[in-house]
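Before any comments, here is the structure.
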Amino acid sequence: MTAEVVLALGSNLGDRLANLRAAVEALQRRGIEITAASSVWETEPVPPGQPTFLNAVVRGRCALDPRHLLVLAKEIERALGRRPGPRWGPRVIDIDILFYGNERVSEPDLEIPHPRITERPFVLLPLAEVWPGELPVLGAAPAEFLASLDTSGAVKLVEPLLPPAAGAPSTAG
144 MTAEVVLALG
154 SNLGDRLANL
164 RAAVEALQRR
174 GIEITAASSV
184 WETEPVPPGQ
194 PTFLNAVVRG
204 RCALDPRHLL
214 VLAKEIERAL
224 GRRPGPRWGP
234 RVIDIDILFY
244 GNERVSEPDL
254 EIPHPRITER
264 PFVLLPLAEV
274 WPGELPVLGA
284 APAEFLASLD
294 TSGAVKLVEP
304 LLPPAAGAPS
314 TAG
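Residues 144 to 316 (our numbering) make up the sequence shown, in order.
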């Protein structure tokens with residue numbers, strides 16, 4: 144049995160675009176079928192005082208349950224060089240589970256849907272490209288949440304997350 148998943152990717156250390164692409168490649172190698180990839184967005188860090196982030200969102204299908212998907216995401220982060228540091232601090236790569244089908248998960252280290260989706264333009268802007276309609280569980284489209292947020296610090300890059308040769312469809316425009 145497979146589930147539709149939506150993952151947010153972020154990087155603000157090193158070759159940020161290469162880090163995002165390496166994360167997607169690692170997800171694919173581990174059995175996550177990527178069905179859509181957003182544009183890459185450059186955004187101001189939260190909190191300020193660190194390098195700017197590149198952010199993207201991918202939509203896909205996987206056979207892992209939410210717990211094992213989290214374990215996989217953390218394994219990939221470590222393999223790509225992420226080290227323990229302050230919460231919301233600089234990072235080589237960050238992989239967050241935004242949605243797992245229509246499921247709600249509330250555990251100490253795993254909350255689905257991600258609890259801060261609706262207040263983060265750096266997630267909502269790329270999310271709107273891969274899932275423009277009503278979001279699972281939340282009952283509204285990304286544009287509805289974005290309407291009340293300041294998005295002036297976000298810039299969509301011309302460079303796609305995945306090169307066309309990578310075979311992953313992009314719904315980014």
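Quick reminder that beta carbons are idealized off the backbone N, C-alpha and C, glycines included.
Leaving out the 5 sequence neighbours to the left and right, which residues in its chain are closer than 6 Å to residue i when beta-carbon positions are compared?
i      : result
Ala297 : Trp184, Thr186, Pro264 and Leu268
Ile175 : Gly203 and Cys205
Phe288 : Thr261 and Leu267
His257 : Asp239 and Leu241
Count the other CB atoms, across all protein chains shown, that sit within 10 Å of the CB of residue i; report buried if there are 16 or more and exposed otherwise.
i      : result
Glu272 : buried
Ala290 : exposed
Asp237 : buried
Ala283 : exposed
Glu220 : buried
Ser295 : exposed
Asn245 : exposed
Ser249 : exposed
Leu212 : buried
Name the two residues that bound the continuous alpha helix (DSSP H) containing residue i.
i      : result
Glu218 : Pro209 to Ala222
Glu287 : Pro285 to Leu289
Val266 : Pro264 to Val273
For my contact list, residue i and residue j are in at a C-beta cut-off of 8 Å; report their separation, rounded to the angstrom.
i      : j      : result
Val148 : Ile240 : 7 Å
Leu278 : Pro285 : 7 Å
Leu150 : Val189 : With 8 Å as the limit, Leu150 and Val189 do not qualify as a contact, their Cβ atoms being about 18 Å apart.
Pro209 : Leu253 : 6 Å
Gln193 : Pro227 : That pair is no contact at about 16 Å.
Since residue i is in the beta strand (DSSP E), which residue starts that stretch and which ends it?
i      : result
Pro303 : Val298 to Pro303
Ala199 : Phe196 to Cys205
Glu250 : Val248 to Glu250
Val148 : Ala146 to Ser154
Glu277 : Careful: Glu277 lies outside any beta strand (DSSP E) and carries neither H nor E.
Leu253 : Leu253 to Ile255
Ala158 : Per the sequence shown, residue 158 should be read as Asp rather than Ala. No beta strand (DSSP E) holds Asp158; DSSP gives it neither H nor E.
Ile238 : Asp237 to Tyr243
Residues in its own chain within less than 7 Å of residue i by CB, not counting five upstream and five downstream?
i      : result
Val235 : Ser154, Leu156, Gly157, Asn162, Leu223, Gly224 and Arg225
Glu302 : Leu160 and Val183
The ligand HEM and residue i: does any heavy atom of the ligand fall closer than 7 Å to the residue's C-beta?
i      : result
Arg210 : Ligands in the displayed structure: none, and consequently the ligand HEM is not present.
Cutting at 8 Å between CB atoms, please list the residues of its own chain near residue i, excluding the five before and the five after it.
i      : result
Ala169 : Ile219, Ala222 and Leu223
Arg247 : Ile255, Pro256 and Val280
Which residue spans inside the region 161 to 186 form an unbroken alpha helix (DSSP H) run of at least 4? For the region 161 to 186, not a single whole alpha helix (DSSP H) run of length 4 or above is found.
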